[in-house]
Amino acid sequence: MSNKKPSFDEIYMNLASDISKRSHCVKRHVGAVIAKDTRIVSLGYNGPPAGTHNCDVEWPQTGCARSERGGCSLALHAEENAILYAAKNSIDLVGATIYTTLSPCLACARMIYASDIKKVFYKDSYAEYKGLACDEGIEFLKKFGVEVVRFHK
């Protein structure tokens with residue numbers, strides 16, 4: 273039996289994967305955990321804002337209606353939910369790290385940068401999932417000095 277303890281990075285990424293299972297999205301489950309000084313300060317998963325619709329209940333076959341750009345018309349991304357929860361509760365994110373199961377889209381990358389989060393761990397590529405040429409969010413974050421790491425166990 274090994275006494276090797278998992279790293280905080282492993283624990284937080286596992287938690288992001290577990291929290292993604294709470295998602296009501298029919299298309300994809302994504303989770304995010306924000307940690308600061310080895311403490312969890314916020315978490316979130318993708319789906320409609322609380323108090324609106326649960327897509328897997330309302331539209332279990334198709335999910336919510338699509339926007340003009342083909343995205344969910346109702347959903348907040350996991351990173352958005354985690355950052356919004358922190359803002360709503362006056363939690364300081366300066367210097368924090370976010371762990372997410374899918375690399376941030378460009379809009380989420382801008383929120384991450386504006387929140388002064390300094391490090392991003394992601395498991396899967398948004399570009400690969402969407403069939404895009406590059407991860408715009410990752411490129412944006414790197415360009416402006418945010419450390420980005422693709423998580424591998």
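So the sequence shown is numbered by my numbering: it starts at 273 and just counts up by one.
Glycine is no exception: its CB is placed at the ideal position from the N, C-alpha and C atoms.
Item, Value
"What residues are listed by DSSP as bridge partners for Val305?", "Leu315, Tyr371"
"What's the gap between the Cα of Glu352 and the Cα of Ser279?", "25 Å"
"Could you have a look at Arg382 and say whether DSSP puts it in helix, strand or coil?", "helix"
"Mind checking His296: buried by the 16 CB within 10 Å criterion, or exposed?", "buried"
"Three-state secondary structure (DSSP) at Lys402?", "helix"
"Give the straight-line distance between the Cα atoms of Lys218 and Asn286, rounded to the nearest whole angstrom.", "Outside the displayed span of the chain (273 to 425) sits residue 218, for which this structure offers no information."
"Under 8 Å, do Ala304 and Ile370 count as touching if we go by C-beta distance?", "yes"
"With 16 other CB atoms within 10 Å as the buried threshold, where does Phe393 fall?", "buried"
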